[in-house]
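Top to bottom, those sequences are chains Y and F. Residue numbers in the first sequence follow our numbering, run continuously in steps of one, and reach 248 at the last position. Residue numbers in the second sequence follow our numbering, run continuously in steps of one, and reach 489 at the last position.
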Amino acid sequence: MKVALFATCLVDGLFPDVARATVRLLRRLGHEVVFPQQQSCCGQMHLNTGYPAQALPLIRRQVEVFGEYEAVVAPSGSCTGSIRHQHADTARRFGDERLAVAAESIAARTYELSEFLVDVTGVTDVGAYFPHRVTYHPTCHSLRLLRVGAKPLALLGAVEGIELVELPGAQSCCGFGGTFAMKNSAVSSAMLADKVAAVAETGASVCSAGDSSCLMHIGGGLSRLRVGARTLHLAQILASTRSEPVPV
Amino acid sequence: MTYLGMPTAPPGVGQLRGSEPFPDAARTALADGQLRRNLANATSTIRAKRAAVVAEVEDWQELRAAAAAIKDDVLAHLDSYLPQLEARVTERGGVVHWARDATEANRIVTELVTATGSREVVKVKSMATQEIGLNQALEEAGILAFETDLAELIVQLGDDRPSHILVPAIHRNRTEIRDIFLSEMAGVEPGLTDDPAALAEAARRYLRQKFLTTRVAISGANFAIAETGTLMVVESEGNGRMCLTLPDTLITVMGIEKLLPSFTDLEVFLQLLPRSSTGERMNPYTSMWTGVHPGDGPQEFHLVLLDNGRTATLADERGRAALRCIRCSACLNVCPVYERTGGHAYGSVYPGPIGAVLSPQLTGVADNASLPFASTLCGACYDVCPVAIDIPTMLVHLRDRVNQDKAAGHRLPTPEAAGMAAASWAMRGQRRWTWLLRSARLGRWARLARLSRSPAGRRLLPPPLSSWVGSRDLPEPPAQPFRQWWAEQ
Chain Y
1 MKVALFATCL VDGLFPDVAR ATVRLLRRLG HEVVFPQQQS CCGQMHLNTG YPAQALPLIR
61 RQVEVFGEYE AVVAPSGSCT GSIRHQHADT ARRFGDERLA VAAESIAART YELSEFLVDV
121 TGVTDVGAYF PHRVTYHPTC HSLRLLRVGA KPLALLGAVE GIELVELPGA QSCCGFGGTF
181 AMKNSAVSSA MLADKVAAVA ETGASVCSAG DSSCLMHIGG GLSRLRVGAR TLHLAQILAS
241 TRSEPVPV
Chain F
1 MTYLGMPTAP PGVGQLRGSE PFPDAARTAL ADGQLRRNLA NATSTIRAKR AAVVAEVEDW
61 QELRAAAAAI KDDVLAHLDS YLPQLEARVT ERGGVVHWAR DATEANRIVT ELVTATGSRE
121 VVKVKSMATQ EIGLNQALEE AGILAFETDL AELIVQLGDD RPSHILVPAI HRNRTEIRDI
181 FLSEMAGVEP GLTDDPAALA EAARRYLRQK FLTTRVAISG ANFAIAETGT LMVVESEGNG
241 RMCLTLPDTL ITVMGIEKLL PSFTDLEVFL QLLPRSSTGE RMNPYTSMWT GVHPGDGPQE
301 FHLVLLDNGR TATLADERGR AALRCIRCSA CLNVCPVYER TGGHAYGSVY PGPIGAVLSP
361 QLTGVADNAS LPFASTLCGA CYDVCPVAID IPTMLVHLRD RVNQDKAAGH RLPTPEAAGM
421 AAASWAMRGQ RRWTWLLRSA RLGRWARLAR LSRSPAGRRL LPPPLSSWVG SRDLPEPPAQ
481 PFRQWWAEQ
């Protein structure tokens, strides 16, 4: 299948390894991956901070850049959630029905990585090898906006050599919330403290998730407290093989 | 979007506004370890109970959809349902009063109580009367109001504010409650222990006296049936039943959105409310009354219909669904923010996720500008809401309203608005965006990341990074952005 990668602005700029892992994984599974270079950001930060007028041009851009592709895959639950639940609605709010219809069409073809693998291609065993103790944070938008359910865990469960341990209080938010982390840093930090403690309690060497933004937050806390666990995106674990292992 | 002509809840009366912005109030609350332990214990217990009893109901999602549809119908047709309710209540011997806002409602109730000659009233727990600050208004008129719900009594005796819709004293543990009773409750036994049964018994003895001697009661209402003029209160302790049946005069203060069209609609709501709020299949006491009945119960019944910003809320088509709320407080109990700050940080009697969307609409967004931002948008509230209020989407909409309100008052954009505009501009041009991503590796970001890893370095970082690095390190920058790697392939 020909797949357009929507890397997301955060991954493109700060976590390119996640996008590279996504490309490697999709190619290994036999898909043709393209990366439309005009892409930038879905506008989620603008929308969720209350600046829809500033998000509108980015929504328009998303539609222009990805309009022609059969499948768009993003290594992010929250960006996919924004495309699916906010883009058309925002376009309509500004009276642009044509944009709204186009955005709806793209939203129907845009998938978060685990959705694409499990729902579209029907694969749970991607042939990965990752001999480490891993705990998984499901992330709020994957869980409650996209309802990905157990798909990421099914994918991780099929990884050879992995020791998957349940994260206590997994469904609780890590406290990131975009600009919330800065506007309400005290509350955000209190939530992060509990999440970091839960990760430490598992004794896992890796905390994984389907969103680099949440991982940046959790990873920042793990690093500050020298917990000794690191963060890896779901795509990085699934991309890991015996011949090309992802270093931990 | 304009809301001209729609009066919001007036300042200076009642409790819909805090004295400081949420982040500041939250910081104070977070420093209180006892409060956080009390909250964590209480919310996790209620959460588990609710989840268990909701899971028993096979058609829960259908019930939610039905409840939302019924409430939306009510909100769209208040112009016919409210006069219908007034007509039915009047036919059955009740008197209906219309209160534009808190000030008017307080004046009406004070006059009604004064007219009875009584200087004391017993109260059923009521959010509406907390919202308008009725107890204070009565006190100013020389009338003593006795709260009879156990938790509300604890709050009143402790000269405190409620911090939860359903469990107003959730921030107190039993030792603190014993201390409040010992110092504030007239006639309490000095050897009182903090055994919950002993505390309840002490409150029971104290309250029994009030029930038997007080001639006027004030209540709120969970529901009002337009078709029959019936009012309803659901409760757990029986204090409500006492207040609603023993006194000569009953005064009920109710928000105009509490209506249901017909009696059969209760089928939906009485399945949803107890399971969502207390985690019970059915609440212990359900009291209904229609007008007055000679020789049975209160012989005088007044219904005060309260607006206090509800019509203004109704005017916003993207915010009005907040008026579906049946005050179950399920959203508070699952909210990771509420769990850590408690209710007082929200400033309003309506705390938690529903408070963050309701309070700013009732007061106008300028007066509660920080509340729509008091959420990570994690969505747990929407999942449990029995009337399916999409709180996260509404929060995002209210953030937009707050930002627009701020922009309207100033010639220059706020630093945040300017930053957002700059980011949007940068992101919509391929060359400038690529340049920006590549420039991150030229050392600037690497330096910031390094600074975030030492206490001395962190002090050098400017906002908003300074608020990030308080508890998190910045990620190490990559050698190159993904797009560059791709282009080089």
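Cβ coordinates follow ideal geometry from the N, Cα and C atoms, glycine included.
Contact check, Y/T135 vs Y/G210, beta carbons under 7 Å: no
Whether F/T43 touches F/E339 by CB criterion (7 Å): Cβ distance < 7 Å, so F/T43 and F/E339 count as in contact.
Residue ranges of each alpha helix (DSSP H) within the region 61–109 of chain F, 4 or longer: Fully enclosed alpha helix (DSSP H) runs of 4 or longer: 78–91.
Burial state of Y/N48 (16 or more Cβ within 10 Å): buried
F/A369 (DSSP reduced to helix, strand or coil): coil
Opening and closing residue of the alpha helix (DSSP H) in which Y/L232 lies: Here Y/L232 belongs to no alpha helix (DSSP H); instead the beta strand (DSSP E) covers R230 to H233.
Outcome for F/Q209 when other beta-carbon atoms lying within 10 angstroms are tallied against a minimum of 16: exposed
Bounding residues of the beta strand (DSSP E) (the contiguous stretch that carries Y/V73): A71 to A74 is the extent of the beta strand (DSSP E) around Y/V73.
Test: Y/P131 CB closer than 7 Å to a CB of chain F: Not one chain F Cβ lies under 7 Å of Y/P131.
DSSP state of Y/E201 mapped onto helix, strand, coil: helix
Pair within 7 Å by beta-carbon distance, F/V122 and F/T193: no
Contacts that Y/P152 makes with chain F (C-beta to C-beta distance below 8 Å): Neighbours of Y/P152 on chain F: none; closest Cβ ~17 Å, over 8 Å.
Straight-line Cα distance separating F/R205 from F/P21: 41 Å
Boundaries of the beta strand (DSSP E) in which Y/R133 is found, first to last residue: R133 to Y136
Selection of the region 385–404 of chain F by Cβ proximity to chain Y, strictly under 7 Å: Residues passing the 7 Å Cβ filter: V396, R399, D400, V402 and N403.
Contact list for the region 194–226 of chain Y against chain F, Cβ threshold 8 Å: M216, H217, G219, G220, G221, S223 and R224
Whether Y/H137 touches Y/S205 by CB criterion (7 Å): no
Integer Cβ distance of Y/Q54 from Y/F6, believed to fall under 8 Å: That pair is no contact at about 19 Å.
Chain F contacts made by the region 40–60 of chain Y, where a contact means CB separation under 9 Å: Of all residues in the region 40–60 of chain Y, S40, C41, G43, M45, H46, L47, N48, T49, G50, Y51, P52, A53, Q54, A55, L56, P57, L58 and R60 have a Cβ within less than 9 Å of some Cβ in chain F.
Y/V126 versus Y/R28 - alpha carbon distance: 9 Å
When Y/E201, Y/G221, Y/L25 and Y/Q37 are compared against Y/F116, the one with the closest alpha-carbon: For Y/F116, the closest alpha carbon among the candidates Y/E201, Y/G221, Y/L25 and Y/Q37 is that of Y/L25.
Contacts that F/C331 makes with chain Y (C-beta to C-beta distance below 7 Å): Correct list: empty, because the minimum Cβ distance to chain Y is about 13 Å.
Chain Y residues whose Cβ lies nearer than 7 Å to that of F/A421: Simply Q54.
Near-chain F residues of the region 161–194 of chain Y - C-beta to any C-beta below 7 Å: S172, C173, G175, F176, G177, F180, A181, M182, K183, N184, S185, A186, V187, S189, A190, M191 and L192
Within-7 Å CB hit, F/L377 to chain Y: yes
Beta-ladder partner(s) of Y/C207, from DSSP: Y/T135 and Y/T231
Nearest-angstrom Cα separation, counted from F/P23 out to F/S370: About 8 Å.
Other residues of its chain near F/C331: CB distance less than 7 Å, five sequence neighbours each side excluded: G352, P353, I354, C381, V384, C385 and I391
Under 7 Å between C-beta atoms of F/A376 and Y/F180: At residue 376 of chain F the sequence reads Thr, which differs from the Ala that was named. Yes, Cβ-Cβ distance for F/T376 and Y/F180 is below 7 Å.
Backbone CA spacing between F/V109 and F/S276 [nearest angstrom]: 31 Å
Exposed unless 16 or more other CB atoms sit within 10 angstroms - verdict on F/M1: Its pLDDT being 47, under 50, F/M1 is placed unreliably by the model, and nothing is read from it.
Short CB-CB distance (under 7 Å) between Y/D96 and chain F: Interface with chain F (7 Å Cβ-Cβ cutoff): Y/D96 is excluded.
Coil, strand or helix - F/I218 by DSSP: strand
Limits of the unbroken beta strand (DSSP E) element including F/S287: Y285 to T290
Nearest neighbour of F/L30, chosen from F/L157, F/A128, F/Y346 and F/R401 [CA to CA]: F/Y346
Boundaries (first-last residue) of the beta strand (DSSP E) holding F/G255: Per DSSP, F/G255 belongs to the beta strand (DSSP E) from T249 to G255.
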